[in-house]
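Residue numbers (my numbering), protein chains in the order written: chain A, 6 to 121; chain B, 2 to 115.
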């Protein structure tokens with residue numbers, strides 16, 4: 006069965022610090038997709054990135070970067086030079102190709118607080 | 002603008018009452034989903050639908066019901082059989098049934114049972 010673990014429940018940093026959010030997943034599929042979502046205080050989830058299991062290239066988008074390592078089943082998310090507006094809950098999610106698993110399995114989320 | 006709307010934003014219910022949460026999307030997406038989020042927890046799937054007039058139970062379907070009569074609408078009814086309905090409910094949609102496409106989320110409905 007698929008599973009996503011975000012061991013960090015809460016993280017607090019001071020503005021301009023770098024912060025890494027960890028995500029570890031379990032799946033039996035060889036083809037799968039990983040996602041990161043941001044949930045600001047308003048509640049709506051905002052899509053950040055999608056990565057398929059065959060693409061292990063790291064990706065950078067502005068202050069955001071993602072490190073995907075199949076060897077350790079991890080898909081970590083780093084925010085560089087954090088800002089107060091980055092304060093939110095961040096979810097990692099997994100979607101498998103096989104069977105009826107046409108939905109996302111979410112981790113429990115990491116609450117990031119960036120202090121001014 | 003294209004997107005997903007949920008109403009109401011806040012909903013209060015007395016014990017024993019059924020309530021229906023609305024979810025509408027104008028993205029022309031085939032698949033729609035309902036999730037429940039409890040404080041400090043991730044999202045758990047209640048029901049999902051990949052085409053009109055068809056839907057499947059998710060992980061926590063007991064005490065909930067849905068319908069999918071129109072492509073753009075996927076209402077969720079929280080019945081009196083749901084023992085602990087106070088939660089934040091999120092609706093989502095996705096283009097096609099494939100696992101590679103991201104889900105788009107609505108703003109959510111916060112349900113409180115008095």
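The beta-carbon is built from N, C-alpha and C at its ideal position, and this holds for glycine as well. Keep in mind that this is a model prediction, so the values were computed, not measured.
- Listed along the chain, the chain B residues whose CB falls inside 9 Å of the CB of residue 55 of chain A are 101, 102 and 103.
- Under the 8 Å criterion on CB atoms, residue 34 of chain B is classed as interfacial with respect to chain A.
- In this structure, DSSP gives residue 75 of chain A a helical state, which the three-state scheme calls helix.
- Listed along the chain, the chain A residues whose CB falls inside 8 Å of the CB of residue 108 of chain B are 47, 48 and 49.
- With the rule of 3 Cβ pairs closer than 8 Å, the region 22-33 of chain B counts as touching the region 50-68 of chain B.
- In terms of Cα proximity to residue 85 of chain B, the closest of B:17, B:8 and B:11 is B:17.
- When C-alpha distances from residue 88 of chain B are compared across B:45, B:105 and B:106, the shortest belongs to B:45.
- Take the alpha-carbon of residue 120 of chain A and the one of residue 87 of chain A: they are about 9 Å apart.
- Contact check for residue 112 of chain B against residue 79 of chain B passes: the beta carbons are separated by less than 8 Å.
- Around the C-beta of residue 111 of chain A, 16 or more other C-beta atoms lie within 10 Å, and the residue is accordingly described as buried.
- Taking C-beta atoms under 8 Å as the contact rule, residue 113 of chain A and residue 11 of chain A qualify, at a distance of about 6 Å.
- Annotation for residue 88 of chain A: no beta strand (DSSP E) segment contains it, and DSSP assigns it neither H nor E.
- Residue 17 of chain A is not a Cβ neighbour of residue 85 of chain A, given a cutoff of 8 Å.
- For residue 88 of chain B, the enclosing beta strand (DSSP E) begins and ends at 88-95.
- In the structure shown, residue 102 of chain B falls within a coil segment according to DSSP collapsed to helix, strand and coil.
- Rounded to the nearest whole angstrom, the CA to CA distance from residue 21 of chain A to residue 59 of chain B is 41 Å.
- For residue 109 of chain A, the closest Cβ of chain B is nearer than 8 Å.
- Residues of the region 55-72 of chain B with a Cβ closer than 8 Å to any Cβ of chain A, in chain order: 57 and 59.
- Not a single C-beta of chain A is nearer than 8 Å to the C-beta of residue 26 of chain B.
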